Each structure stands twice: as C-alpha cells, then as structure tokens.
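A.B. asks: The structure is given below, and queries will be raised subsequently.
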Amino acid sequence: MERVDKINYYLDIAETISERGTCLRNNYGSVIVKNDEIISTGYTGAPRGRKNCLDLGYCTRKQKTDLSGAGFEHCRSVHSEQNAIISANRRDMIGSTLYLVGINKRNGEYVKDNYPCTLCKRMIINAGIEKVVMRDTKTEYRVDYIDDWIKNDDTMVNNN
C-alpha cells in the first residue's frame with residue numbers, strides 16, 4: 008500500500024470535515040496547518056444556535072437568487088474558511104497553510120475550481136495565512152500564495 012502524500016493527507020481531513028456541513032448546495036471543509044500541526048478546522052454551517060438550511064429543508068440564498076457567486080448576504084451559513092479562522096489565534100495562523108475541499112451536495116462530486124470567496128480572501132489575508140491549497144480531484148490540487156492576492160489586489164474578485 009502506498010502512503011498518501013502530506014498535502015493529500017490534509018486535504019483528506021478537510022474533506023471529512025466537510026461532511027459536517029449543513030448547506031444544501033455545497034459543503035466545504037477547511038484545515039489550517041502550521042509546522043505540520045493542525046491549528047484549526049471549519050465547515051460550512053449556520054452560526055451556533057441558529058437553524059441551518061439542512062434543518063429548514065430549503066436554501067435561503069437560492070430563494071433570493073440562483074446565480075453562482077451571488078447573494079451571499081442571504082446565505083445562513085458561515086463559510087468553512089471563516090469558521091476555521093475564528094477558531095484559531097492569529098499568532099498561530101501567521102505563515103500557515105489553509106487546506107480547502109468543496110463537495111457538491113447534489114451530485115457528491117468535488118466543486119470544480121473551488122476558491123475562497125472575496126470575503127474569505129480578505130479574512131485569510133488578515134489572518135496571516137501564507138497559502139491556500141484547494142482540491143480539484145482526489146489526488147490533484149492547486150496552490151495559491153496569499154502574497155499574490157495582495158500584489159494583485161485590483162483583480163481580487165470572487166471566483167466561485
């Protein structure tokens with residue numbers, strides 16, 4: 008049996024974490040890692056104590072708009088990246104890596120070209136995270152360096 012590489016190891020953990028998500032559209036899992044140690048995790052879900060779309064049986068965002076990448080203000084969920092960030096100390100996140108996996112709830116496939124939304128990108132920058140690794144397939148992934156986001160800040164758009 009071949010041993011899984013370290014990046015896919017952390018992506019596998021993020022994928023498992025996504026299974027706790029409560030979104031009816033796409034569930035994401037995030038793992039923040041520094042010096043080969045898990046700092047924090049997060050998944051897509053409503054704020055603590057509030058009803059989520061899974062419990063309600065409908066997507067509040069879809070009721071307002073069906074456009075991809077639009078209507079986030081109507082979404083009941085906190086994104087996985089946000090949940091991971093708010094559960095960690097900034098000093099622990101400086102220089103860390105965020106691993107991100109998205110699963111489409113309708114077909115069980117990986118979210119194609121998953122990418123942090125504009126708000127999550129701003130939070131990732133301020134958290135001091137160094138790079139984001141995003142899963143495309145079970146073994147393929149992309150890496151974005153946050154310094155590139157900062158250098159190209161005029162083009163920082165939502166790529167969801």
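Heads up, the numbering used here is the position in the sequence shown plus 7, with the first residue counted as 1.
We treat Cβ as the ideally placed atom computed from N, Cα and C, and that holds for glycine.
Remember, it's a predicted structure, so these values are computed and weren't measured experimentally.
According to the Cβ coordinates, are M100 and N121 closer than 8 Å?
C.D. replies: In the sequence shown, counting from the first residue as 1, residue 100 sits at position 93. In the sequence shown, counting from the first residue as 1, residue 121 sits at position 114. No, Cβ-Cβ distance for M100 and N121 is not below 8 Å.
A.B. asks: My output table needs one value for I24: the three-state DSSP class, helix, strand or coil.
C.D. replies: Mapped onto the sequence shown, residue 24 falls at position 17. Three-state result, I24: helix.
A.B. asks: What is the rounded straight-line gap between the Cα of D151 and the Cα of R32?
C.D. replies: Residue mapping note: residue 151 aligns to position 144 of the sequence shown, counting from 1. Residue mapping note: residue 32 aligns to position 25 of the sequence shown, counting from 1. The alpha-carbon atoms of D151 and R32 are separated by roughly 24 Å.
A.B. asks: Should the stretch 125-134 be regarded as contacting the stretch 53-66, the criterion being three or more beta carbon pairs within less than 8 Å?
C.D. replies: Counting Cβ pairs under 8 Å, fewer than three are found: no touch.
A.B. asks: Helix, strand or coil for R142 per DSSP?
C.D. replies: Residue 142 sits at position 135 when you count from the first residue of the sequence shown. R142 falls in the strand class under three-state DSSP.
A.B. asks: How is the alpha helix (DSSP H) around D151 delimited, first residue to last?
C.D. replies: Translated into the one-based positions of the sequence shown, residue 151 becomes position 144. Here D151 belongs to no alpha helix (DSSP H); instead the beta strand (DSSP E) covers Y148 to Y152.
A.B. asks: Quick one: is T146 buried, meaning 16 or more other Cβ sit within 10 Å of its Cβ, or exposed?
C.D. replies: Within the sequence shown, residue 146 is the residue found at index 139, counting from 1. Label assigned to T146: exposed.
A.B. asks: What is the DSSP secondary structure of T29, counted as helix, strand or coil?
C.D. replies: Translated into the one-based positions of the sequence shown, residue 29 becomes position 22. Looking at T29 - three-state DSSP - the assignment turns out to be coil, as it is neither helix nor strand.
A.B. asks: Pick from R83, T144, K69 and Y35: whose alpha carbon is nearest that of L105?
C.D. replies: Position 98 of the sequence shown, counting from 1, holds the residue named residue 105. The candidate whose alpha carbon is nearest that of L105 is Y35.
A.B. asks: Report yes if the C-beta distance between P123 and V108 is below 8 Å; otherwise report no.
C.D. replies: In the sequence shown, counting from the first residue as 1, residue 123 sits at position 116. In the sequence shown, counting from the first residue as 1, residue 108 sits at position 101. Going by C-beta atoms, P123 is not nearer than 8 Å to V108.
A.B. asks: Would you mind sorting Q70 into buried or exposed? The rule is 16 or more other CB atoms within 10 Å of its CB.
C.D. replies: Taking the sequence shown and counting its residues from 1, one reaches residue 70 at position 63. The residue in question, Q70, is exposed, as its Cβ has fewer than 16 Cβ neighbours within 10 Å.
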